[in-house]
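Residue numbers (the numbering used here), protein chains in the order written: chain A, 344 to 727; chain B, 152 to 485. Heads up, the thing below is written out as structure tokens.
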């Protein structure tokens with residue numbers, strides 16, 4: 344056991360810290376969940392990419408710097424500590440990216456990964472349907488073969504930034520007679536495909552960031568099939584593991600929020616407005632962010648030694664999402680009557696952050712589903 | 152960054168688990184509730200033979216010269232088996248404190264060999280001393296200094312714990328009868344951190360044991376024609392316990408590493424570990440009892456051995472609120 348960063352890891356940390364200090368955008372951007380902000384954030388992705396920081400863990404061939412898992416966690420810590428903008432292509436880079444590496448063909452790697460890394464192509468995830476949420480395997484959007492194309496019909500919903508995204512990754516039913524987990528396929532669909540209609544839907548925070556997608560005889564070329572036809576469920580579960588575990592929500596963002604919460608508490612304490620019970624809650628929330636950090640380094644050590652992460656990712660998903668709510672709810676309690684104020688487009692105020700955090704226990708598989716997974720697949724309790 | 156244990160450390164843990172499965176089963180723990188000594192016959196000598204007692208003593212004192220990272224897994228096992236002896240006081244606190252101070256070498260030698268038991272009473276650790284009547288020597292705090300007192304020279308008043316295998320005592324002593332171990336406040340602080348870490352490791356062990364036995368019970372117990380554990384309400388109770396353990400355990404290991412290496416934020420990290428481990432074991436106790444139902448509420452059923460140990464350890468060496476206050480102070484939140 345050695346819980347210090349190596350010389351190489353420290354050099355990596357110093358490099359990204361220095362780069363962020365001199366390259367952060369000086370002008371505040373609009374929310375990336377608006378059409379204007381989406382493009383501002385796309386431009387920032389290009390700045391990151393040109394400096395080799397948009398996908399640091401990826402192979403150099405596709406724009407990365409082949410950093411280790413621990414270095415990637417360091418990158419996340421430094422990135423969020425610096426107050427850098429949100430990552431508009433996160434769902435591409437951290438969810439579809441690893442899935443493409445695992446299941447994509449060489450042609451698909453060359454076609455999709457560089458443009459994903461540069462932000463030229465921003466991705467949205469379209470899995471849920473009006474009648475298929477937690478029960479994803481009940482989905483009914485169909486894709487029927489017609490020569491070298493699939494013809495897609497159906498409806499997807501709750502697709503974040505799906506109204507503006509360049510590409511969409513979907514799960515569809517390619518075997519018309521199939522049920523449940525069989526007969527599904529993982530399909531990559533251009534946002535401007537003929538037969539695809541996209542409609543923004545306002546989210547709880549008021550931003551038009553959800554989208555409903557309507558597929559009416561939408562033709563998608565077979566080269567956009569990721570993994571084997573009918574293998575969509577196992578490909579999707581690889582994405583889900585990324586979504587729940589340390590890829591999508593590494594500890595960096597929560598550590599940064601915990602430090603902001605501690606700073607808020609210190610300001611109140613300095614003005615004599617600290618309260619014992621709230622101080623205790625701040626300490627508790629800070630501790631949990633810290634625990635998520637160390638649990639993640641423990642998992643990373645296991646992965647670097649050749650181990651795997653499967654259902655254990657559900658531990659992380661429940662923990663970070665409930666931690667995020669706790670951090671923001673605690674800040675709102677500290678703020679009292681000031682808590683309801685939302686000041687502008689940066690999404691940096693605590694109420695906006697709270698509204699976003701409240702989505703965490705819902706997306707990427709609700710926390711109720713995650714607790715079922717922990718109970719059944721980690722603890723081994725009977726399914727029925 | 153390498154957050155893993157060596158194969159040797161894991162094998163040592165497995166060997167201790169095997170020993171405790173053999174020599175410290177629930178029936179033996181139960182016997183320690185009612186026998187005269189509150190101890191399990193022969194267990195102390197076996198722990199000495201394996202090198203556990205003297206793990207942190209220097210090799211020239213007959214110890215293994217190892218540190219907290221090696222010890223933390225073993226104390227987790229002691230928690231899992233509900234070992235009744237003052238193991239952490241003796242092994243994790245008294246021996247390294249005396250060794251660091253370079254005093255009482257004869258006591259250290261005898262403690263390493265298992266010939267004597269040394270327990271510990273620090274002001275911040277709680278009002279009572281575990282195993283005070285059973286110990287040969289007591290490492291005690293007075294005016295922020297540490298002193299070693301022979302049991303015969305101390306006045307010990309027994310106090311009943313909810314866990315009858317924890318033989319507590321209120322201890323009084325005269326400074327004239329004590330040998331000064333250290334008047335360095337850093338030694339006192341380190342002793343407290345070592346004790347709190349040891350208690351945290353035992354809390355995690357107790358919590359894991361409670362989770363394991365409860366998972367087995369709810370998979371076996373049938374109601375309404377299916378296992379009780381097939382019900383989502385039960386699943387979620389136990390998933391919450393598993394979550395609490397999953398995130399407390401790395402903090403306990405990290406705190407062990409901080410003590411072993413003299414890290415800057417050692418005391419803060421120990422307090423994070425103890426606060427989270429105390430909360431984890433408290434939740435594990437309550438959910439284990441609820442998921443067992445009435446059988447868990449009986450004195451005959453073994454579950455109560457871990458419940459009571461869990462509640463005792465959650466408060467020993469500082470409860471979670473007290474340790475969060477220490478974290479808050481370290482972060483300058485108040």
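Built from N, CA and C at the ideal position, the CB exists for glycine as well.
- For the stretch 303-381 of chain B, the continuous alpha helix (DSSP H) assignments of 4+ residues that do not extend past its boundaries occur at 336-371, in sequence order.
- Every candidate alpha helix (DSSP H) stretch fails here, since none sits fully inside the stretch 475-548 of chain A while reaching 4 residues.
- For the options A:613, A:622, A:646 and A:664, the alpha carbon positioned closest to that of residue 635 of chain A is the one of A:664.
- Judged by DSSP secondary structure, residue 466 of chain A falls within the beta strand (DSSP E) whose first and last residues are 466-469.
- Non-local C-beta neighbours of residue 505 of chain A in its own chain, meaning closer than 7 Å and more than five positions away in sequence, comprise 467, 469, 511, 541, 554 and 556, ordered along the chain.
- Residues are counted here when their Cβ sits less than 8 Å from a Cβ of chain B; for the stretch 624-635 of chain A these are 625, 626, 627, 629, 630, 631, 633, 634 and 635, given in chain order.
- Two segments are said to touch when three or more pairs of C-beta atoms, one from each, lie closer than 8 Å; by this definition the stretch 239-257 of chain B does not touch the stretch 354-362 of chain B.
- Scanning chain A for C-beta atoms nearer than 8 Å to the C-beta of residue 459 of chain B yields nothing, as the closest lies near 24 Å away.
- Note that the C-beta distance between residue 568 of chain A and residue 528 of chain A is below 9 Å.
- Using a CB distance cut-off of 9 Å, residue 306 of chain B does not count as an interface residue toward chain A.
- Taking 9 Å as the CB threshold, residue 418 of chain A stays off the interface with chain B.
- Within the model, the alpha-carbon separation for residue 373 of chain B versus residue 379 of chain B is close to 5 Å.
- The continuous alpha helix (DSSP H) containing residue 417 of chain B extends over residues 417-443.
- Taking a beta-carbon distance threshold of 9 Å, residue 228 of chain B does not count as an interface residue toward chain A.
- Residue-level contact by beta carbon fails for residue 667 of chain A and chain B, as no gap is shorter than 9 Å.
- The stretch 376-390 of chain B and the stretch 190-198 of chain B do not touch, with fewer than 3 CB-CB distances between them shorter than 8 Å.
- Residues of the stretch 318-334 of chain B whose Cβ lies closer than 8 Å to any Cβ of chain A: none.
- When only Cα atoms are considered, residue 435 of chain A and residue 509 of chain A end up about 11 Å apart.
- In the three-state DSSP reduction, residue 347 of chain A falls in the coil class, being neither helix nor strand.
- Among the residues facing chain B, residue 348 of chain A is included, as its CB has a counterpart in that chain under 9 Å away.
- If you look at residue 194 of chain B, you'll find it in the alpha helix (DSSP H) that goes 194-200.
- If you draw a straight line from the Cα of residue 642 of chain A to the Cα of residue 535 of chain A, it comes to about 40 Å.
- Taking 9 Å as the threshold, the shortest C-beta distance from residue 609 of chain A to chain B falls below it.
- In this structure, B:303 is the residue among B:417, B:320, B:303 and B:346 with its C-alpha nearest to the C-alpha of residue 329 of chain B.
- For the pair residue 469 of chain B and residue 422 of chain B, the CB atoms are nearer than the 9 Å cut-off.
- Pairing residue 229 of chain B with residue 460 of chain B, the inter-Cα distance amounts to about 11 Å.
- Residue 467 of chain B is a Cβ neighbour of residue 277 of chain B, given a cutoff of 9 Å.
- Around residue 373 of chain A, the same chain offers 379, 380, 383 and 688 as residues with beta carbons nearer than 8 Å, after the five sequence neighbours per side are excluded.
- Ranked by Cα distance from residue 248 of chain B, the options B:232, B:296, B:266 and B:227 are led by B:296.
- Between residue 332 of chain B and residue 262 of chain B, the C-beta gap is not smaller than 9 Å, which leaves the two residues out of contact.
- As DSSP reads the structure, residue 562 of chain A sits in a beta bridge with A:494.
- Cβ-Cβ separation between residue 352 of chain B and residue 226 of chain B: approximately 4 Å, consistent with a contact (criterion under 8 Å).
- Three or more beta-carbon pairs drawn from the stretch 647-664 of chain A and the stretch 698-712 of chain A are found closer than 8 Å, and the two stretches are therefore classed as touching.
- When the beta-carbon positions are compared, residue 399 of chain B and residue 428 of chain B come within less than 9 Å of each other.
- Chain A has no Cβ within less than 9 Å of the Cβ of residue 197 of chain B.
- Residues of the stretch 363-376 of chain A with a Cβ closer than 8 Å to any Cβ of chain B: none.
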